Amino acid sequence: HTEAVHRPTAVARERIMNTRISLQTRIDDYLAERRRLGFELRSWDTFLAGFARFVASRHHQGPLTVELMAEWARHDQWHRGTPGTWAARLARLRQFARYLKQYEPDTEVPDESVFGPVPGRVAPHIYRDDEIVELLAAARQLGPRGSVRPATFETLFGLMASTGLRVSEAIHLRDADVDLKRGILTIRQTKFAKSRQLPVHPSTVEALARYRRQRAQHVPTTADMPFLIGSRGRRL
2 HTEAVHRPTA
12 VARERIMNTR
22 ISLQTRIDDY
32 LAERRRLGFE
42 LRSWDTFLAG
52 FARFVASRHH
62 QGPLTVELMA
72 EWARHDQWHR
82 GTPGTWAARL
92 ARLRQFARYL
102 KQYEPDTEVP
112 DESVFGPVPG
122 RVAPHIYRDD
132 EIVELLAAAR
142 QLGPRGSVRP
152 ATFETLFGLM
162 ASTGLRVSEA
172 IHLRDADVDL
182 KRGILTIRQT
192 KFAKSRQLPV
202 HPSTVEALAR
212 YRRQRAQHVP
222 TTADMPFLIG
232 SRGRRL
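Start counting the sequence shown at 2; every next residue gets the next number (this note's numbering).
See the structure below:
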């Protein structure tokens, strides 16, 4: 008798099965998990929240469908109305759909064929040694005359070529991050929010030391200042 009292009725079981975690909660969990893995996802909150509002405005019930996602992708707030834009929006949403499918197996995951392929990046140009020499020579000719700008850009391009640093990593170097005695650069908060130390070649150390001397003629050196500065003594 006691067991019968506590056993859920058929109606109750149906209600339990139909209880779904809200889409916004799934989005919050997804973003939290990605950030724990080191991704910054600066614009994703707004991006996915916009999708959640769209779904709510359509009073959609049940699993997410490709048709619904494609309809949302077409509702670009800037009304650019191009298949390339729609495909790019859908490609971002596809990442969340794959995550959601783990918890809601009936979720449909769109593929690239909906709007055609997402416009890709242009293939990168790999500079030859002679091209790098010409690039550094051109940087030395930059104006204004008598400023630190030519030396800064020559050093920036040379540093990237000799170490493989991303431009953002090179620009965000502080003076204290450049240890010329040990020949080591400290790269802080790089991809996936990690820092690392990077040894550099003696010829690179010599070039960095030369730039530091040139820079000192324009601005006083402090540990927290950017290593590479623009004409006004600030970070590029």
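Quick reminder that beta carbons are idealized off the backbone N, C-alpha and C, glycines included. What you are looking at is a predicted structure, and each value in this text was computed from that prediction instead of being measured.
**Request:** Using 10 angstroms around the beta-carbon of Glu170, count the other beta-carbons present and answer buried if the total reaches 16, otherwise exposed.
**Result:** Position 169 of the sequence shown, counting from 1, holds the residue named residue 170. It is buried - the Cβ of Glu170 has at least 16 other Cβ atoms within 10 Å.
**Asked** How many angstroms separate the CA atom of Leu136 from the CA atom of Gln142?
**Response** Locating residue 136 in the sequence shown gives position 135, counting from the first residue. Locating residue 142 in the sequence shown gives position 141, counting from the first residue. Approximately 10 Å between the Cα atoms of the pair.
**Request:** Determine the contact status of Ile230 and Arg216, defining contact as a CB-CB distance below 8 Å.
**Result:** As a first step, residue 230 must be located in the sequence shown, where it is residue number 229. As a first step, residue 216 must be located in the sequence shown, where it is residue number 215. In this structure, Arg216 lies closer than 8 Å to Ile230 by Cβ.
**Message:** With H, G and I counted as helix, E and B as strand and the rest as coil, what does DSSP make of Asp46?
**Reply:** Residue mapping note: residue 46 aligns to position 45 of the sequence shown, counting from 1. Here Asp46 sits in helix by DSSP.
**Asked** Within this structure, are the beta carbons of Arg54 and Leu69 separated by less than 8 Å?
**Response** Position 53 of the sequence shown, counting from 1, holds the residue named residue 54. Position 68 of the sequence shown, counting from 1, holds the residue named residue 69. No.
**Asked** In or out: Ala33 buried (at least 16 other Cβ within 10 Å) or exposed?
**Response** As a first step, residue 33 must be located in the sequence shown, where it is residue number 32. Ala33 should be labelled exposed.
**Asked** Does the beta-carbon distance from Arg35 to Leu42 come in below 8 Å?
**Response** Position 34 of the sequence shown holds residue 35. Position 41 of the sequence shown holds residue 42. It is a contact, given that the beta carbons lie within the stated cut-off.
**Request:** Report the rounded CA-to-CA distance for Val65 versus Ala88, giving the unit in angstroms.
**Result:** Within the sequence shown, the letter at position 64 stands for residue 65. Within the sequence shown, the letter at position 87 stands for residue 88. The sequence given here places Leu at residue 65; Val does not occur at that position. Leu65 and Ala88: Cα-Cα distance of roughly 17 Å.
**Prompt:** Which value, in whole angstroms, describes the spacing of the CA atoms of Ala140 and Ile188?
**Reply:** For the purposes of this step, residue 140 is identified with residue 139 of the sequence shown, where counting begins at 1. For the purposes of this step, residue 188 is identified with residue 187 of the sequence shown, where counting begins at 1. Between Ala140 and Ile188, the C-alpha separation is close to 24 Å.
**Prompt:** Helix, strand or coil: how does DSSP classify Thr205 here?
**Reply:** As a working note, residue 205 is residue 204 in the sequence shown. It is helical.
**Message:** By alpha-carbon positions, which one of Phe40, Ala98 and Thr86 ends up nearest to Val67?
**Reply:** As a working note, residue 67 is residue 66 in the sequence shown. It is Ala98.
**Item:** Cα-Cα separation, Ile127 to Asp107
**Value:** Numbered from 1 along the sequence shown, position 126 holds the residue referred to as residue 127. Numbered from 1 along the sequence shown, position 106 holds the residue referred to as residue 107. Going from the Cα of Ile127 to the Cα of Asp107 covers about 45 Å.
**Asked** How about Arg167 and Phe228: are their beta carbons less than 8 Å apart?
**Response** Residue mapping note: residue 167 aligns to position 166 of the sequence shown, counting from 1. Residue mapping note: residue 228 aligns to position 227 of the sequence shown, counting from 1. Cβ distance not < 8 Å, so Arg167 and Phe228 don't count as in contact.
**Item:** DSSP-derived helix/strand/coil call for Arg167
**Value:** Counting from 1 along the sequence shown, the entry for residue 167 is found at position 166. Looking at Arg167 - three-state DSSP - the assignment turns out to be coil, as it is neither helix nor strand.
**Prompt:** Got a sec? Which residues, its chain only, sit under 7 Å from Phe52 by beta carbon, not counting five neighbours each side?
**Reply:** Residue numbering aside, residue 52 sits at position 51 when the sequence shown is read from its first letter. Once the five neighbours on either side are set aside, the close Cβ partners of Phe52 are Trp73 and Leu94.
**Request:** Over the uninterrupted alpha helix (DSSP H) stretch that includes Arg37, give me the two end residues.
**Result:** One-based indexing of the sequence shown puts residue 37 at position 36. Leu24 to Arg37 is the span of the alpha helix (DSSP H), which, as asked, contains Arg37.
**Request:** Give the straight-line distance between the Cα atoms of Glu113 and Arg75, rounded to the nearest whole angstrom.
**Result:** Here residue 113 corresponds to residue number 112 of the sequence shown, with the count starting at 1. Here residue 75 corresponds to residue number 74 of the sequence shown, with the count starting at 1. C-alpha separation (whole angstroms): 14 Å.
**Message:** Just to confirm before moving on: does the CB-CB distance between Gly63 and Pro84 stay below 8 Å?
**Reply:** Against the sequence shown, residue 63 aligns to sequence position 62. Against the sequence shown, residue 84 aligns to sequence position 83. Cβ distance not < 8 Å, so Gly63 and Pro84 don't count as in contact.
**Message:** If I measure Cβ to Cβ from Asp238 and keep anything under 8 Å in the same chain, skipping five residues before and after, which residues do I get?
**Reply:** No information on residue 238 is available, as it lies outside the stretch 2 to 237 that the chain covers here.
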